[in-house]
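Input: a single structure, listed below in structure tokens.
There are 2 protein chains.
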Amino acid sequence: MSLELEQLSIEEQFEQLLASEDKLAIRDFLNDQNISDVAELINKYPEYEAQIVGNMAVHRAASVFKILDIAQQKDIIKELPNSKTAELLNELPADDRTDFLEELPKSVIRDLIKLLDPEERKITLSLLGYPEDSVGRLMTPDYVYVYAHNTVEEVIATIRKFAKNSETVDVIYIINEKGELVDDVKIKDIILASPEKRVDEIIDGRIVSLNVNDDQEHANQVFKMNNRVALPVVDDNNILLGIVTIDDMLWVANEEFSEDMQKMGGTEVLDEPYLDIPLLKLFRKRIGWLVVLFLGEMLTATAMSYFEDEIAKAVVLALFVPLIISSGGNSGSQASTLIIQAMAVGEITIADWWRVMRREILSGLLLGTVLGIIGFIRIAVWHSIAPAIYGDHWFLIGLSVGVSLVGVVLWGTFSGSMLPMFLKKLGADPAVSSAPFVATLVDVTGLVIYFSVALIFLRGILL
Amino acid sequence: MSLELEQLSIEEQFEQLLASEDKLAIRDFLNDQNISDVAELINKYPEYEAQIVGNMAVHRAASVFKILDIAQQKDIIKELPNSKTAELLNELPADDRTDFLEELPKSVIRDLIKLLDPEERKITLSLLGYPEDSVGRLMTPDYVYVYAHNTVEEVIATIRKFAKNSETVDVIYIINEKGELVDDVKIKDIILASPEKRVDEIIDGRIVSLNVNDDQEHANQVFKMNNRVALPVVDDNNILLGIVTIDDMLWVANEEFSEDMQKMGGTEVLDEPYLDIPLLKLFRKRIGWLVVLFLGEMLTATAMSYFEDEIAKAVVLALFVPLIISSGGNSGSQASTLIIQAMAVGEITIADWWRVMRREILSGLLLGTVLGIIGFIRIAVWHSIAPAIYGDHWFLIGLSVGVSLVGVVLWGTFSGSMLPMFLKKLGADPAVSSAPFVATLVDVTGLVIYFSVALIFLRGILL
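Chains A and B, in that order, are what the protein sequence lines are. The first sequence runs contiguously to residue 503 in the numbering used here. The second sequence runs contiguously to residue 503 in the numbering used here.
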């Protein structure tokens, strides 16, 4: 039944049902909708969020809950009666429950964990023991495993027995008596095999697994390269601990992306949706970098004061200061973004620094030359229109500006590309060398380059 | 067999085998490795790339081929004999084949399509008919469908018959006689049901589907919210055309991410890995925006020339020009990145503009006030150390700088946050309002703000 065929929109139906106050009808209606539609209803009617979640069948409530924002999740848990919260938490897949808990203050975690039944509590506490951003936190212990000596018939019996609780049965895991991972097999191959075959006859011995301490970003990479919907997670002794499913990778990719973007915009990672974060917290996340950049940029005032006499003699020089330093900043931002992005997706590594440097020096020269020529032409054209602006020495002024542009753009491109690689080499996050950071760095040196070039061309003439 | 237990690394084994020139042993060795390891071998030994792909079993060669860079793919196709190319292309999943072909010049596509067998040719041509970045291009026609009146037993027979060719059998699709999509059912539910049950007894009528013309980014969002490993794709009449699998979403997310980053760094989208793109092409991708920004930034020289007399009278004013305009640029970059990122992940929409504007005006005031106070203090401290620098009017100079900073940062934050929303409203890509773009915009207005404030405070005194 396609949604387009319904007479009323979901919102309209929901509002009618709300007005009718028929609890049973509301429950039936909510259980009939797609999970994503219920999530949208919650976004539309935040005042009913706890009611909506509380009125659904618990396994569906869990599916909705896990795709909500952390802020919404917190609100709902606050409003739900304890018995409902316990039901909901017990029903959540272990990985999503861990994800939710790790966002809460420690005292709240303690209270909520008390609501779990003993088995779920054990699982949750063990997942919380793994470092944040590790594969361990994404793991679900709900999977189906069999032994290599089992027959296909036995495997199907096992699936029937355990599949209801397991998050995915697209892949079955084969372990040995010690619990070590031996192989995995797609359910498709199980169905295609004749029932009396043994598992070890249909496995191919090609297994890709993740270590529980691996970085989540690494897991993302492995999923991308291996075309699997789930990967087994083992400890250092190859003991199978759980599985990670590919749908979690979409969230990991999203989070990495948001964090990198925010760092590159010159702000701390927000870790809450923009509209939910309190204004003062938003301010704190932003002011830090702005102050650091401001203090750095103060050096421009110092640099300029060294050339105060030159500016006093030739005010015309000051006119081009913003143009020249911003060209360095723009080319630097461009270069640093290109390199950060290429490193983030694994296209270049630190080992490529020499090739990158050669390319960027050449690019910087080309880019700088083009801008330098445009800058010179601009001065020549203005001079021909209004000769008073630059006076007799327009040619030397134009030359100073043009040559400075080549130098500043070359320097911007060079430092913008090398800084992220250098930070990575030091073990820091290359995304910190954001556009504003590079621009600030290049501003100070750009001034020095500009006034030095001007001194060379104009000493004894204007200066 | 875990890789860590091997005596020699894969590279060492491969080099030994290469030296031995034993073609059969090389083939066996390659067929024994994980797909991702073979891909790494190709990255390490690009000179053998065609040999490696050519020597593998064709279905494995296809798996490797589809995760390589487009540049590597092109090279391999160039080197492979036509018969091998035909085999390889026929074996590639239709979506990956389309992905590869759309990167090639039209004439090459024509030649390659001739190599396909008639059935595959039909599929490929139909996929190529859908717009780039549409769900149609990601679709694979390899899926299993059954009718609602089929029994579970019949479904299992169908799976056995078709599953070998289908990319995923984790989900089975139910259609009616007209070919319209009715529902989908997880293979887990098929296995758990008793064989004589009819399909319409086990389906739940909750179906999530994609339209063939939907944007790939939209598909990504739907996958994130619905916890499925594959989604059916229908046309406007709800006819089932194919399916999209979740693993493709990891690549979509990656590509979106790279494109957004590159745009925000002020460059055109590279569409090739950084190290593979020819230097001149790299230059062309970068120079466009730099020139546009440069032309925009020229307005700073024009703006400054209006205040040339003021600068001549009070050179000290020129010293703070870089500090002030860059503070506006930094706060503007920060705001625009936050908003672009929040819009990209769907946290805010255009409808939220009013809330965003209020938040950003308040944030801008707070941020500007902090920077303004620091700026004033800096001037006061320098004055107390060396009273000669700013002279008797240090207080008014400090006030001009401080007040200008509040205005410039407020303006930077405001325009940085509103510009992406305005661009989105116009139907343009908000990521275009990159950090450099916003910085340039704010530079020009920042100068006007600064000198106007200075005129108010210093007219008749220094000016």
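Beta carbons: idealized from backbone N, C-alpha and C, even for Gly. Everything numeric in this text was worked out from a predicted model, so none of it was measured.
Assign H423/B to one of two classes, buried (16 or more other C-beta atoms within 10 Å of its C-beta) or exposed (fewer than that). The sequence position of residue 423/B within the second sequence is 383, counting from 1. By the neighbour-count rule (16 or more Cβ atoms within 10 Å), H423/B is buried.
Report the start-end ranges of each alpha helix (DSSP H) in the region 416-466 of chain B that is 4 residues or longer and not cut off at the edges. Counting only runs of 4 or more, we get 434-465.
Determine which residues share a DSSP beta bridge with T285/A and list them. Locating residue 285/A in the first sequence gives position 245, counting from the first residue. In the DSSP output, where bridge partners are listed per residue, T285/A has A270/A.
Measuring alpha carbon to alpha carbon, tell me which residue in A382/A, L487/A, R161/A, A134/A is nearest P470/A. On the first sequence, position 430 is the one that residue 470/A refers to. Of the listed residues, the one whose Cα sits closest to P470/A is A382/A.
I think S462/A touches G442/A, with their Cβ atoms under 8 Å apart; what is that distance to the nearest whole Å? Locating residue 462/A in the first sequence gives position 422, counting from the first residue. Locating residue 442/A in the first sequence gives position 402, counting from the first residue. For the sequence presented, residue 462/A should be read as Phe rather than Ser. At roughly 30 Å, the Cβ-Cβ gap does not stay under 8 Å, so F462/A and G442/A are not in contact.
S366/A, buried or exposed, once every other Cβ within 10 Å from all chains shown has been counted against 16: Translated into the one-based positions of the first sequence, residue 366/A becomes position 326. Classification for S366/A: buried.
Tell me whether N251/B sits in a helix, a strand or coil according to DSSP, three-state version. Locating residue 251/B in the second sequence gives position 211, counting from the first residue. If DSSP states are grouped into helix, strand and coil, N251/B belongs with the strands.
Classify L439/A as buried or exposed, calling it buried when 16 or more other Cβ atoms lie within 10 Å of its own Cβ. Translated into positions along the first sequence, residue 439/A becomes position 399. It is buried - the Cβ of L439/A has at least 16 other Cβ atoms within 10 Å.
Hey, S373/B and T453/B: beta-carbon distance below 8 Å or not? Position 333 of the second sequence, counted from the first residue, corresponds to residue 373/B. Position 413 of the second sequence, counted from the first residue, corresponds to residue 453/B. By the CB criterion at 8 Å, S373/B and T453/B fall outside the cutoff.
R238/B - partner residues in DSSP beta bridges: For the purposes of this step, residue 238/B is taken as residue 198 along the second sequence, with counting starting at 1. Beta-bridge pairing links R238/B to T191/B.
Consult DSSP for Y170/A and reduce its assignment to one of helix, strand or coil. Here the question's residue 170/A lines up with position 130 in the first sequence. Reduced to three states, the DSSP call for Y170/A is coil.
State yes or no: is the beta carbon of M41/A nearer than 8 Å to at least one beta carbon in chain B? For the purposes of this step, residue 41/A is taken as the residue at position 1 of the first sequence. In this prediction, M41/A has a pLDDT of 39, which is less than 50 and means its spatial position is unreliable; what the coordinates show is noted afterwards. Yes, M41/A counts as interfacial toward chain B.
Exposed or buried, which one is K63/A when buried takes at least 16 other CB atoms within 10 Å? Locating residue 63/A in the first sequence gives position 23, where the first residue counts as 1. By the 10 Å Cβ count, K63/A comes out exposed.
Secondary structure of L132/A, DSSP reduced to three states: Here residue 132/A refers to the residue found at position 92 when the first sequence is read from its first residue. In the three-state scheme derived from DSSP, where H, G and I count as helix and E and B as strand, L132/A is classed as coil.
For K84/B, which residues of its own chain have a beta-carbon under 8 Å away from its beta-carbon, when the five flanking residues on both sides are left out? Locating residue 84/B in the second sequence gives position 44, counting from the first residue. If we look at K84/B and ignore the five residues flanking it on each side, its Cβ neighbours are E51.
For chain B, is any of its Cβ atoms less than 8 Å away from the one on G452/A? Along the first sequence, read from residue 1 onward, the residue named residue 452/A stands at position 412. Chain B contact via Cβ: absent.
For V35/B, write down the residues that DSSP places opposite it in a beta bridge. Since the first residue of chain B shown is 41 and the last is 503, residue 35/B is not available in this structure.
Taking 8 Å as the CB-CB limit, is I227/A close to chain B? In the first sequence, the residue the question calls residue 227/A occupies position 187. Yes, because at least one Cβ of chain B sits closer than 8 Å to the Cβ of I227/A.
Does the beta carbon of I199/A come closer than 8 Å to any beta carbon on chain B? Stepping through the first sequence from its first residue, residue 199/A is reached at position 159. At least one chain B Cβ lies under 8 Å of I199/A.
Taking the DSSP output, what are the residues bridged to D224/A? Locating residue 224/A in the first sequence gives position 184, counting from the first residue. Y213/A, per the DSSP bridge assignment.
Indicate whether L487/B and P362/A have their beta-carbon atoms separated by less than 8 Å. Locating residue 487/B in the second sequence gives position 447, where the first residue counts as 1. Locating residue 362/A in the first sequence gives position 322, where the first residue counts as 1. Yes, they are a contact pair.
Figure out for me which residue from E80/B, A375/B, E296/B, R161/B has the closest Cα to the Cα of S403/B. Counting from 1 along the second sequence, the entry for residue 403/B is found at position 363. Residue A375/B is the option with its Cα nearest to S403/B.
So, N253/B versus G176/B, is the Cβ gap smaller than 8 Å? Within the second sequence, the letter at position 213 stands for residue 253/B. Within the second sequence, the letter at position 136 stands for residue 176/B. Yes, the pair counts as a contact, with Cβ atoms nearer than the cut-off.
For the region 343-367 of chain A, which residues have a CB atom closer than 7 Å to at least one CB atom of chain B, in sequence order? M344, S345, E348, I351, A352, V355, A358, L359, F360, V361, P362, L363, I365, S366, S367
Using CA atoms only, rank isn't needed, just tell me which of V355/A, T389/A, D139/A, M458/A is closest to L502/A. The residue labelled residue 502/A in the question sits at position 462 within the first sequence. That would be V355/A, whose Cα lies nearest to the Cα of L502/A.
When burial is assigned at 16 or more other CB atoms within 10 Å of the CB, is D349/B buried or exposed? Taking the second sequence and counting its residues from 1, the one referred to as residue 349/B is at position 309. Label assigned to D349/B: exposed.
For V273/B, the nearest candidate out of F202/B, L290/B, I247/B (CA to CA): In the second sequence, counting from the first residue as 1, residue 273/B sits at position 233. Per the Cα distances, I247/B.
Identify the continuous alpha helix (DSSP H) that holds D349/A and give its terminal residues. One-based indexing of the first sequence puts residue 349/A at position 309. Its alpha helix (DSSP H) spans residues 348-353.
Leaving aside the five residues before and after P181/B along the sequence, list all residues of the same chain whose C-beta is less than 7 Å from its C-beta, in chain order. Here residue 181/B corresponds to residue number 141 of the second sequence, with the count starting at 1. So the list reads A134, I163, G282, once near-sequence residues are dropped.
So is K264/A in contact with chain B if we call contact Cβ pairs under 8 Å? Taking the first residue of the first sequence as 1, we reach residue 264/A at position 224. Answer yes: the Cβ-Cβ gap between K264/A and chain B drops below 8 Å somewhere.
Please classify L459/B: is it buried, with 16 or more other beta-carbons within 10 angstroms of its beta-carbon, or exposed? Within the second sequence, residue 459/B is the residue found at index 419, counting from 1. Sixteen is the threshold: when 16 or more other Cβ atoms of the shown chains lie within 10 Å of the Cβ of L459/B, as they do, the residue is buried.
Identify each residue in the region 230-248 of chain A for which the Cβ-Cβ distance to at least one residue of chain B is less than 7 Å, and report them in chain order. Within the region 230-248 of chain A, the qualifying residues are I231, L232, G245, R246, V248.
Please classify A233/B as buried or exposed, where buried requires at least 16 other C-beta atoms within 10 Å of its C-beta. As a first step, residue 233/B must be located in the second sequence, where it is residue number 193. Looking at its Cβ environment, which holds 16 or more other Cβ atoms inside 10 Å, A233/B is buried.
Helix, strand or coil at I279/B according to DSSP, with G and I counted as helix: Residue 279/B sits at position 239 when you count from the first residue of the second sequence. In this structure, I279/B counts as strand in the three-state DSSP scheme.
Any idea which residues DSSP pairs T180/A with across the strands? The count along the first sequence starts at 1 and reaches residue 180/A at position 140. Answer is I283/A.
Between the beta-carbon of I16/A and the beta-carbon of Y490/A, is there less than 8 Å? Summary: the structure shown does not reach residue 16/A, with chain A confined to residues 41 through 503, and so no result is reported for it.
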